[in-house]
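Residue numbers (this note's numbering), protein chains in the order written: chain A, 1 to 116; chain B, 117 to 231. By construction, the Cβ of each residue, glycine as well, lies at the ideal position given by its N, Cα and C atoms.
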Amino acid sequence: AQKITQTQPGMFVQEKEAVTLDCTYDTSDQSYGLFWYKQPSSGEMIFLIYQGSYDEQNATEGRYSLNFQKARKSANLVISASQLGDSAMYFCAMREGRAGNTPLVFGKGTRLSVIA
Amino acid sequence: EAGVVQSPRYKIIEKKQPVAFWCNPISGHNTLYWYLQNLGQGPELLIRYENEEAVDDSQLPKDRFSAERLKGVDSTLKIQPAELGDSAVYLCASSLGRSFYNEQFFGPGTRLTVL
Numbered sequence: 001a002q003k004i005t006q007t008q009p010g011m012f013v014q015e016k017e018a019v020t021l022d023c024t025y026d027t028s029d030q031s032y033g034l035f036w037y038k039q040p041s042s043g044e045m046i047f048l049i050y051q052g053s054y055d056e057q058n059a060t061e062g063r064y065s066l067n068f069q070k071a072r073k074s075a076n077l078v079i080s081a082s083q084l085g086d087s088a089m090y091f092c093a094m095r096e097g098r099a100g101n102t103p104l105v106f107g108k109g110t111r112l113s114v115i116a
Numbered sequence: 117e118a119g120v121v122q123s124p125r126y127k128i129i130e131k132k133q134p135v136a137f138w139c140n141p142i143s144g145h146n147t148l149y150w151y152l153q154n155l156g157q158g159p160e161l162l163i164r165y166e167n168e169e170a171v172d173d174s175q176l177p178k179d180r181f182s183a184e185r186l187k188g189v190d191s192t193l194k195i196q197p198a199e200l201g202d203s204a205v206y207l208c209a210s211s212l213g214r215s216f217y218n219e220q221f222f223g224p225g226t227r228l229t230v231l
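Given below as structure tokens:
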């Protein structure tokens, strides 16, 4: 079974609008972390935001926020006030367990296109 | 502070040829990861090092792939011989420590094309 599921292969959003990228995860661990990365066409993976399984508040980083619904096992990324530079691939990833050096498991990604 | 450095950025070889990728992690980062990213997919772990020890290499195809991290700093990933299906992006990442929140920093990747 997929540990990370991103059901939207591609998304379009108008500049200055908000967009939600979906991510559901599957784990039996009580301790885990959820990450979102951005991958522009240049190829590097850019860390955006992190949510720990014990965090009670939804994570926010500037225009990025993570809508964490633990019971539904979802960790959707919300980008507010989209910019043309937000056009990229977006990956949701999970680290299981308490060790911070456990490798990440990634979803297949969502390609976001921001339209002027 | 310099990020994770990888070279080469691009490599084109013919099948059955050997190829090697190099990674220099962020200074002081004890954990180093090699990920494989196929086209249209998310990265998948190939191997993880803690200092110079390979602690997770279950996904590394050991018949043709090898890796080393001498002195617990730089790392080299080698494929010999390369096959058409090895065409992908090879990403190196590093992280520091074992705290619950621990960000992995990625390099720009090496895009391999096998003809």
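Can you pull the chain A neighbours of residue i, defined as C-beta to C-beta under 7 Å?
i                            : result
asparagine 218 of chain B    : Gly100 and Asn101
phenylalanine 222 of chain B : Glu44 and Met45
aspartate 293 of chain B     : Coverage of chain B is limited to positions 117 through 231, which leaves residue 293 of chain B absent and any answer about it impossible.
Pull the bridge partners of residue i from the DSSP assignment, please.
i                         : result
glutamine 175 of chain B  : Partner(s): none; glutamine 175 of chain B has no beta bridge.
leucine 212 of chain B    : Paired residue(s): none; leucine 212 of chain B is not in a bridge.
threonine 77 of chain A   : Note on identity: in this sequence residue 77 of chain A is leucine, with threonine being the wrong assignment. For leucine 77 of chain A, which the question treats as bridged, DSSP gives the partners A/Leu21 and A/Leu66.
threonine 226 of chain B  : B/Tyr206
asparagine 140 of chain B : B/Val121
leucine 148 of chain B    : B/Tyr165 and B/Ser210
lysine 194 of chain B     : B/Ala136 and B/Ser182
glycine 10 of chain A     : A/Arg111
valine 105 of chain A     : A/Met94
tyrosine 126 of chain B   : B/Arg227
alanine 199 of chain A    : Absent from the structure is residue 199 of chain A, since the part of chain A shown begins at 1 and ends at 116.
glycine 33 of chain A     : A/Gly52 and A/Arg95
For residue i versus residue j, is the C-beta distance shorter than 9 Å?
i                         : j                            : result
arginine 111 of chain A   : proline 9 of chain A         : yes
isoleucine 142 of chain B : glycine 158 of chain B       : no
glutamine 220 of chain B  : phenylalanine 12 of chain A  : no
leucine 207 of chain B    : glutamine 153 of chain B     : yes
serine 82 of chain A      : valine 114 of chain A        : yes
glycine 109 of chain A    : glutamine 51 of chain A      : no
asparagine 236 of chain B : glycine 188 of chain B       : The structure shown has nothing for residue 236 of chain B, since chain B only spans 117 to 231.
glutamate 44 of chain A   : phenylalanine 222 of chain B : yes
arginine 185 of chain B   : aspartate 173 of chain B     : no
glycine 119 of chain A    : serine 53 of chain A         : Residue 119 of chain A is absent from the structure shown; chain A starts at 1 and stops at 116.
serine 211 of chain B     : asparagine 101 of chain A    : yes
glutamine 151 of chain B  : proline 103 of chain A       : Checking the displayed sequence, the identity of residue 151 of chain B turns out to be tyrosine instead of glutamine. Result yes, Cβ atoms of tyrosine 151 of chain B and proline 103 of chain A sit closer than 9 Å.
Strictly below 9 Å CB to CB, what residues from chain B border residue i?
i                      : result
lysine 108 of chain A  : Gly156, Gln157 and Gly158
leucine 112 of chain A : Within 9 Å Cβ-Cβ: nothing; leucine 112 of chain A doesn't reach chain B, min ~15 Å.
Which chain A residues are close to residue i, counting only those with a beta carbon under 8 Å from its beta carbon?
i                        : result
arginine 214 of chain B  : Ala99, Gly100 and Asn101
threonine 147 of chain B : Asn101
glutamate 166 of chain B : Asn101
Report the neighbours of residue i on chain B: residues whose CB is nearer than 7 Å to its CB, in chain order.
i                           : result
phenylalanine 68 of chain A : Ordered by position in chain B, no residue passes the 7 Å Cβ test against phenylalanine 68 of chain A, which lies about 14 Å from the chain.
leucine 104 of chain A      : Gln220
What residues of chain B sit near residue i, judged by a beta carbon separation below 8 Å?
i                           : result
phenylalanine 91 of chain A : Gly158 and Pro159
Residues of chain A with CB closer than 9 Å to the CB of residue i, please, in chain order.
i                      : result
valine 121 of chain B  : Those within 9 Å of valine 121 of chain B in chain A number zero; the least Cβ separation is about 11 Å.
leucine 207 of chain B : Gly43, Glu44 and Met45
serine 211 of chain B  : Gly100 and Asn101
glycine 144 of chain B : Going along chain A, no residue has its Cβ under 9 Å from glycine 144 of chain B, so there is no contact; the nearest lies around 14 Å.
Taking 9 Å as the threshold (beta carbon to beta carbon), is residue i in contact with chain C?
i                      : result
tyrosine 64 of chain A : The structure shown has no chain C; the protein chains it does contain are A and B.
Note to self: For the stretch 75-88 of chain A against the stretch 145-165 of chain B, do three or more pairs of beta-carbon atoms, one drawn from each stretch, fall closer than 8 Å, so that the two count as touching?
What the structure shows: Verdict: no, contact absent.
Item checked: At least 3 beta-carbon pairs within less than 8 Å: the stretch 89-103 of chain A vs the stretch 4-23 of chain A -> yes
Notebook entry, point to check: What are the residues of the stretch 45-60 of chain A that lie near chain B, defined by any Cβ-Cβ distance shorter than 7 Å?
Noted result: Met45, Phe47, Tyr50 and Gly52
Note to self: Does the stretch 59-76 of chain A come into contact with the stretch 165-182 of chain B, if we say contact requires no fewer than three beta-carbon pairs (one atom in each stretch) closer than 8 Å?
What the structure shows: no
Check: Touching or not, the stretch 122-138 of chain B and the stretch 224-231 of chain B, by the rule of three or more beta carbon pairs under 8 Å?
Finding: Cβ pair count under 8 Å is three or more, so yes.
Checklist line | Interface positions of the stretch 175-202 of chain B facing chain A (Cβ-Cβ less than 8 Å), listed along the chain | finding: none
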